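S.K.: Counting in my numbering, the sequence shown runs from 48 upward without gaps.
A virtual CB, placed ideally from N, CA and C, is assigned to each residue, including glycine.
Only a predicted model underlies this, so the values are computations on that prediction, with no experimental measurement involved.
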Amino acid sequence: MQPNEISEVRDRLDEFVQKVFGSLPRLDQRGKGGLYLQGLMLDERRKSMQPMGDHPRTVPYQQAPSSVKNLAGASEAFAEITRRHGTKASPTNPGAQMRSRFTAVRVRPANRSVPRASDGTLPAEWLIAEWPDSAAEPTE
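1. Which runs of the beta strand (DSSP E) at least 3 residues long sit entirely within the segment 107–139? Give them in chain order.
2. Judging by CA-CA distance, which residue of F125, M145 and V115 is the nearest neighbour of G133?
3. Quick one: what does DSSP say V152 is sitting in, helix, strand or coil?
4. Would you mind giving the Cβ-Cβ distance between P156 and E172, rounded to the nearest angstrom? I have them listed as a contact below 8 angstroms.
5. Can you grab the Cα-Cα spacing for the pair M88 / S114, in whole Å?
6. Applying the criterion that 16 or more other CB atoms from any shown protein chain within 10 Å of the CB defines a buried residue, is Q85 buried or exposed?
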């Protein structure tokens with residue numbers, strides 16, 4: 048099999064790799080298992096980790112970790128929202144409204160315990176960030 052032929056059966060191969068190596072606790076072990084199977088299928092060179100590693104599969108969304116501030120964006124992306132009405136009214140807040148600035152952004156969390164799809168991708172989740180007026184950057 049040639050590398051371009053492997054790309055044609057990539058989905059089926061990934062599904063098989065997940066079934067065979069899905070119980071391994073470490074991501075690097077599962078990845079090397081996938082490379083091993085891919086290497087066994089190739090017609091070229093001897094069957095060792097080096098030739099198999101020459102054709103690594105990378106997930107397109109992998110990138111360096113980001114802070115909440117970077118993910119949430121500029122302060123203009125935040126909208127002021129009243130969460131609820133509290134009990135402590137003041138002259139500046141007679142309705143005792145509890146409000147702050149919030150934004151919501153779709154992200155892919157990086158964590159070993161997050162269940163992956165059958166193709167190995169992480170699910171997209173909502174990140175809700177708060178940026179209080181008194182803070183220099185988003186806090187939660």
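M.R.: This is what the structure gives:
1. Here the runs fully enclosed are 126–132.
2. In the sequence shown, the residue the question calls residue 133 occupies position 86. For the residues F125, M145 and V115, the minimum Cα distance to G133 belongs to M145.
3. As a first step, residue 152 is located in the sequence shown; it is residue number 105 there, counting from the start. Correct three-state label for V152: strand.
4. Within the sequence shown, numbered from 1, the residue matching residue 156 stands at position 109. Within the sequence shown, numbered from 1, the residue matching residue 172 stands at position 125. Between E172 and P156 the Cβ distance is about 6 angstroms, and since that is below 8 angstroms, they are a contact.
5. As a first step, residue 88 must be located in the sequence shown, where it is residue number 41. As a first step, residue 114 must be located in the sequence shown, where it is residue number 67. The alpha-carbon atoms of M88 and S114 are separated by roughly 40 angstroms.
6. Taking the first residue of the sequence shown as position 1, residue 85 is located at position 38. Flag for Q85 reads buried.
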